[in-house]
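Numbered per full-length UniProt numbering, the sequence shown spans residues 1 to 359.
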Amino acid sequence: MMIHPPGTDTVRPSRTLIRPIPFESVAPGPVPGWRRIRVLVDGRAEGTVPGFSLAAGGLELPANFRGDPQQHPDSDTVLLFTAGGPVLTYHGEDLRFWSVQWPGDLLTIPRGTPYVVDVLSGHLGSTGYVVRSTGSLLDDNLARPDLDDRAAAMARTARENWEEWAPAPGRCTVVPFTSVAPVVTPQGHRIRPLVDGEPGGTTPGMRLSVGGLDVPGAFLAHPHHHPGTDVLVLPTECPAEGALTLHGQQLEHDAVQHSGDLLPIPAGREFAHTVQNLSLTEPIGRVYEFRSGPTVLCDNPRLPALLPIAERRGRAALERRHGVDAVAEHLRAANPRSRDPFPNRGAVLTTTPDAGRES
Numbered sequence: 001m002m003i004h005p006p007g008t009d010t011v012r013p014s015r016t017l018i019r020p021i022p023f024e025s026v027a028p029g030p031v032p033g034w035r036r037i038r039v040l041v042d043g044r045a046e047g048t049v050p051g052f053s054l055a056a057g058g059l060e061l062p063a064n065f066r067g068d069p070q071q072h073p074d075s076d077t078v079l080l081f082t083a084g085g086p087v088l089t090y091h092g093e094d095l096r097f098w099s100v101q102w103p104g105d106l107l108t109i110p111r112g113t114p115y116v117v118d119v120l121s122g123h124l125g126s127t128g129y130v131v132r133s134t135g136s137l138l139d140d141n142l143a144r145p146d147l148d149d150r151a152a153a154m155a156r157t158a159r160e161n162w163e164e165w166a167p168a169p170g171r172c173t174v175v176p177f178t179s180v181a182p183v184v185t186p187q188g189h190r191i192r193p194l195v196d197g198e199p200g201g202t203t204p205g206m207r208l209s210v211g212g213l214d215v216p217g218a219f220l221a222h223p224h225h226h227p228g229t230d231v232l233v234l235p236t237e238c239p240a241e242g243a244l245t246l247h248g249q250q251l252e253h254d255a256v257q258h259s260g261d262l263l264p265i266p267a268g269r270e271f272a273h274t275v276q277n278l279s280l281t282e283p284i285g286r287v288y289e290f291r292s293g294p295t296v297l298c299d300n301p302r303l304p305a306l307l308p309i310a311e312r313r314g315r316a317a318l319e320r321r322h323g324v325d326a327v328a329e330h331l332r333a334a335n336p337r338s339r340d341p342f343p344n345r346g347a348v349l350t351t352t353p354d355a356g357r358e359s
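Pasting the structure below:
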């Protein structure tokens, strides 16, 4: 969590870690390779989320921006652009490979890979996020000025011919959101393992992973925790009501996210959590879940003893926003044959028939 002391714009860490970090809550600052970006998640002692093992920054790259050649010897990188024109990344030891990203695509950059980001559009900049498998974006940065001339030459050629180029991926991988089929997890989510570093995964060897999911209207996930992995959740298409995360030993705390907010969830039982879509009908679309481990398909034990609390608190939150009658009517419409006043336990109030199945 980050808070602003009254009357100032200074950001300082809070004692409670599970709190949303809005994109604009941190002022841009200098970061090697990027000039200036918003350091949103920083795990250093003086950072926004002390002790966290993932780092994240908010990118606002102007039209025709080209970054400085850089590499990260011991940390993997994922780039996500959510708005703007196409972004070309040159990568490899002599920058001879290239990848094109459109909004919603992920680009994986394995540790030790030199790269340069180039915003191609002369009219639109690009907005997005960089996430790395390290505690801070200010650590593990190696400048590569020896590649400056090569980057300039690639950029000149790209501005004339990029639409005719066939991507040459090298060690980096572009992963569109819909390119991987979803699987059902113990939490009840249908998640797409977009970045999976396991030997049979989409990006073997990556130390961080990314899942993509859509959360149906009124859906409540099974309470769970992640014993060994830190998690960073980013919804990019959130209904106006937002996404409610109940968290804590007894799910006693609340955190409401909106589109573009990052939610850091540390590993451990004390950070048990579940998510409730606060819209009765609209899905939370294109949620990206970044993990500090190689796959999103492991380290997800359920906590069934917390399910009654989750159901009670999730339904109460819906009733506060929509009214008791509207929620009851939604329940009846979604579950016409059920006599249970709390149907679909563990995947509450969802119209998705198999959303509560376990893998």
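Positions of the beta carbon are idealized from the N, C-alpha and C atoms, including for glycine.
Remember, predicted model here, so these are calculated numbers, not experimental data.
- For the pair Leu232 and Val116, the CB atoms are not nearer than the 8 Å cut-off.
- In the DSSP annotation of this structure, the continuous segment of the beta strand (DSSP E) that includes Arg36 starts and ends at Arg35 to Val41.
- Around the beta carbon of Gly260, a 10 Å sphere encloses 16 or more other beta carbons of the protein chains shown; the residue is thus reported as buried.
- Between the C-alpha atoms of His225 and Arg38 there is a straight-line separation of about 28 Å.
- Where Asn161 is concerned, the enclosing alpha helix (DSSP H) starts and stops at Asp148 to Asn161.
- Between the stretch 87-102 and the stretch 263-283 there are fewer than three inter-stretch CB-CB distances shorter than 8 Å, so the stretches are not counted as touching.
- Non-local C-beta neighbours of Ser292 in its own chain, meaning closer than 7 Å and more than five positions away in sequence, comprise Ser53, Leu54, Ser133, Leu208, Thr229 and Asp230, ordered along the chain.
- Segment contact: the stretch 302-318 against the stretch 209-224, three or more CB-CB distances shorter than 8 Å; contact assigned.
- The beta strand (DSSP E) runs lying completely inside the stretch 250-335 and spanning 3 residues or more are 253-257, 263-265, 273-277 and 284-291, given in chain order.
- Shortest Cα-Cα distance from Thr236 to any of Asp105, Pro30 and Arg36 involves Asp105.
- Counting along the chain, Glu237 sits inside the beta strand (DSSP E) bounded by residues Val231 to Glu237.
- Cβ neighbours of Gly242 within its own chain (closer than 7 Å, five residues either side excluded): Val256, Gln257, His258 and Leu278.
- DSSP places Glu60 in the strand class (E or B) of the three-state scheme.
- With respect to Gly128, Phe81 sits close: the two C-beta atoms are nearer than 8 Å.
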